[in-house]
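Novice:
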Amino acid sequence: MGQYILRRLLQSAVILLLLSILFFALVNLAPGGPLAGYGQSRHVQPEKAEILKRQLGLDKPLTVQYIVWLMGNDWMKVDTNGDGVAESQGTRQGILRGDFGFSFRTREAVLKVIGARLPNTVYLMVITLLIAILIAIPIGIISAVNQYSAVDISITTFSFAGQALPEFWLGLILLLIFYAWLKNPFTGESLLPAGGIHTIGSAFSLVDWLKHLVLPVATGALGWIAWYSRFMRSSMLDVIHQDYLRTARAKGLTERQVLYKHALRNALIPLVTLFSLDIPYIFSGAVFVEMLFSWPGMGQLYYQGALQRDYPILLGILMIGAAFILLSNLLADIIYASLDPRIHYR
Amino acid sequence: MEQTKTTAAGSKNHNRLHPRLPHRRRQRTWRRFRNHPGAVTGSIILTVMIISVLLAPLSPYDPETSNVAEKFQPPSWQHPMGTDALGRDMLTRILFGGRISLTVGLMVVAITLPLGVSIGAAAGYLGGVVDNILMRFTDSALTLPSLLVLILLSAILREVDLPVFSKNSVITIAVIIGLLSWMTFARLVRAMILTLREMDFVTAARALGAADLRIILKHILPSAIGPIIVEATLELGYAIIEESGLSFLGFGIQPPTPSWGNLLANAQENFVKYPWLAIFPGLMIFITIISVNYIGDGLRDAFDPFKVLEKVGKV
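Quick look at the structure:
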């Protein structure tokens, strides 16, 4: 097992390295290069652009630039004032040591910006997924146990509809209903706020935070509920027809014990793998939900970064996101192996 | 009647070495598809959608010419879906947008299908090192947060005027979506080939001296056609959602060319006062995707050799 984990970690490191080359090449080979984004936010005169290029090291060959981006330049002399002579020691540490450079727009360190946004996204996504799973598992079970009944048919219809609803449209419709149309009968205000993580400038109030959660969570969760309930249904149906359930019944266990002790536990195992495969999609959900509800998280940061072509921010989020996805996939495989006794990794 | 058909199909089949779908099996597939209410409804809706989108130029309004005198009209007989901020008829724009969205969807399938199938077929049939390399590649591609990469690519390409890939044209968007979504085909085809290549009819073909490529193209792929068609249908739906999402964020198809996604993006500023701007484009996406998904579901049941047994309760 230890050897397996080690091998997987090495593989992940290789994939990350290849991805870093890919992303770096994409940004730097684009016509206009990375400065195209820089020029968009500030007006840069041509002669100043030359100086800027030298200051940022963009006059060096791409391979050197990549190595500097990866490992930093504190081992070489760089041209800080842009006069063409390398005179001072470099200060960049490279992404391997957590230095993702500075945002073109705000001049803040990328890691600092991401660090400020990350908790907001984690907060929203953890609640969204938790609620989605807590709803999806029971309705999936009910659907499977009552296969082809009216309940089952309505649940499967709901899950088909839910999977076809794009988040960005669902969000708009929910805003229309709960922000524009429905009013609080006592105050005449909108029933739910249009966006943000809490009312700006007001003292902390749990009700206020919860109110701000409802629409983003509902928008994000519906698709997951539809998807996981459908999966739960078929996973449960697979298990229900297994021999060991017949054995359990033959032993004289009650139907309840058979379903919840024997069937459910095994039906949940494939959910671990599914969940780990779905992690990349959590990122796309975050982009839409955070953009619609002005939620100050990573998705919104990425979206704004892309609008302004703030490449250091984009590359930072992509690399950190990819590392997170690879690690969680590995984690899911380890959990899977420990849950399913039939699986051994070598 | 049934008797004669069976023998006819049977004898025809004996004369062939490669197992194309025999007549009777094809008929059974079609009968099962017809008996799936969701799939039939979905097919009808999608057909109506495609016909109306093709007939879009018959509309009395132009999708791109503004008519400020008629801006923000609510739905009426003249404008069944209202008009937008520039007084353009929304129904006309939605129909023209549907052309774009459906074209992108079909183009993505046309890109991902051959790409994914050849990668999967090569990996599954050749095995060994080739398999290992191709599958590591596929797995890595699957771990990409695809929307984020799509946004990065189109943010870069949005400013670029290359010969074919000019400023996020339909082709550009289809190609970048396609490059990020062939992986399901590859994995599906590989898995099917791993099972099929051990079957007797493949051994027989090999014993008769058929070359690898011939075995893959003439013997294995025709047997794997059902799941591939199902996956292609679902891919059409995903591609339409991805395109509209990308256009909704402003990185896909650029206005004034309408697509369902950028119509929704336009609606965002004014949708509280003029809700029809947001309701109709999204409704079209929703109806299309749900139809496509039901068709996919119907096809899956129709192609599934175990489906009959399941209904009887044997499996």
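Residue numbers (the numbering used here), protein chains in the order written: chain A, 3 to 348; chain B, 103 to 417.
Positions of the beta carbon are idealized from the N, C-alpha and C atoms, including for glycine.
#1: So is Tyr304 of chain A buried or exposed if we call it buried at 16+ other beta carbons inside 10 Å?
#2: Do you know offhand how far Leu172 of chain A's Cα is from Met386 of chain B's?
#3: Tell whether a beta-carbon distance below 8 Å holds between Ala367 of chain B and Val211 of chain B.
#4: State the Cα-Cα distance for the pair Tyr338 of chain A and Ser346 of chain B, rounded to the nearest angstrom.
#5: Output yes if chain B places a C-beta closer than 8 Å to the C-beta of Ile319 of chain A; else output no.
#6: From the DSSP output, in three-state form, read off Thr185 of chain B for me.
#7: Would you mind stating whether Ile278 of chain B and Ile355 of chain B have Cβ atoms separated by less than 8 Å?
#8: With a threshold of 8 Å between beta carbons, is Gln165 of chain A in contact with chain B?
#9: Taking 8 Å as the limit between beta carbons, can you name the residues of its chain near Leu328 of chain A, skipping five residues before and five after?
#10: Please classify Ala32 of chain A: does DSSP put it in a helix, a strand, or coil?
#11: Excluding five sequence neighbours on each side, which residues of the same chain lie with their C-beta closer than 6 Å to the C-beta of Leu341 of chain A?
#12: Could you tell me the distance, in whole angstroms, from the CA atom of Ile70 of chain B to the CA atom of Pro383 of chain B?
#13: Nearest CA to the CA of Ala224 of chain B: which residue from B:Ile213, B:Ile295, B:Leu244?
#14: How would you call Ala152 of chain A, buried or exposed, if buried means at least 16 neighbouring beta carbons within 10 angstroms?
#15: Check Lys269 of chain B in the structure and name its three-state DSSP category.
#16: Please report how far the alpha carbon of Leu333 of chain A lies from the alpha carbon of Ile345 of chain A, in whole angstroms.
#17: Is Ser192 of chain A helix, strand or coil when you go by DSSP?
#18: Mind checking Arg195 of chain B: buried by the 16 CB within 10 Å criterion, or exposed?
#19: With a threshold of 8 Å between beta-carbons, can Val289 of chain A be considered close to chain B, or not?
#20: Per DSSP, what kind of secondary structure is Ser43 of chain A in: helix, strand or coil?
#21: Compute the Euclidean distance between the alpha carbons of Pro165 of chain B and Phe198 of chain B, then round it to the nearest angstrom.
#22: From Gly112 of chain B to Asn137 of chain B, what distance separates their C-alpha atoms?
#23: Going by DSSP, what residue range makes up the alpha helix (DSSP H) through Leu163 of chain B?
#24: Can you tell me which of A:Ile53, A:Ser105, A:Trp77 puts its alpha carbon nearest to the alpha carbon of Pro314 of chain A?
#25: Among residues of its own chain, excluding the 5 on either side of Val274 of chain A, which ones have a beta-carbon nearer than 6 Å to its beta-carbon?
#26: May I ask which residues mark the beginning and end of the alpha helix (DSSP H) holding Met301 of chain B?
#27: Which of the three DSSP states is assigned to Val147 of chain A in this structure?
#28: What in chain A is Cβ-close to Pro357 of chain B, meaning under 8 Å?
#29: For the alpha helix (DSSP H) that contains Thr65 of chain A, what are its first and last residues?
#30: Along chain B, which residues have their Cβ under 8 Å away from the Cβ of Met293 of chain A?
#31: Which residues in the same chain have their Cβ closer than 7 Å to the Cβ of Ser43 of chain A, if we skip the five residues on either side of it in sequence?
#32: Is there at least one Cβ from chain B nearer than 8 Å to Pro272 of chain A's Cβ?
#33: Is Val80 of chain A helix, strand or coil when you go by DSSP?
#34: Going along the chain, which residues of its own chain have a beta-carbon closer than 6 Å to the beta-carbon of Leu433 of chain B, five neighbours each way excluded?
#35: By DSSP, does Gln370 of chain B sit in helix, in strand, or in coil?
#36: Roughly how many angstroms separate the alpha carbons of Ser278 of chain A and Phe326 of chain A, rounded to a whole number?
Specialist: On the basis of the coordinates in this document:
#1: buried
#2: 13 Å
#3: no
#4: 35 Å
#5: yes
#6: strand
#7: no
#8: yes
#9: Ser14, Ile17, Leu18
#10: coil
#11: Ile271
#12: The requested residue 70 of chain B is not part of the displayed model; chain B covers only 103 to 417.
#13: B:Ile295
#14: exposed
#15: coil
#16: 15 Å
#17: strand
#18: buried
#19: yes
#20: Model confidence at Ser43 of chain A stands at a pLDDT of 48, short of 50, so the residue's coordinates are unreliable; what they give is reported in the following sentence. Helix, per DSSP.
#21: 7 Å
#22: Confidence at Gly112 of chain B is low in this model, with a pLDDT of 41, below 50, so its placement is unreliable and no value can be given for it.
#23: Note on residue identity: the sequence assigns Tyr, not Leu, to residue 163 of chain B. Careful: Tyr163 of chain B lies outside any alpha helix (DSSP H) and carries neither H nor E.
#24: A:Ser105
#25: Ala334, Ile337, Tyr338
#26: First-last for Met301 of chain B: undefined, no H or E at that position.
#27: helix
#28: Neighbours of Pro357 of chain B on chain A: none; closest Cβ ~15 Å, over 8 Å.
#29: 64 to 73
#30: Leu351
#31: Caution is warranted here: a pLDDT of 48 is assigned to Ser43 of chain A, below 50, making its placement in the model unreliable, and no coordinate value can be reported.
#32: no
#33: strand
#34: Since the first residue of chain B shown is 103 and the last is 417, residue 433 of chain B is not available in this structure.
#35: coil
#36: 11 Å
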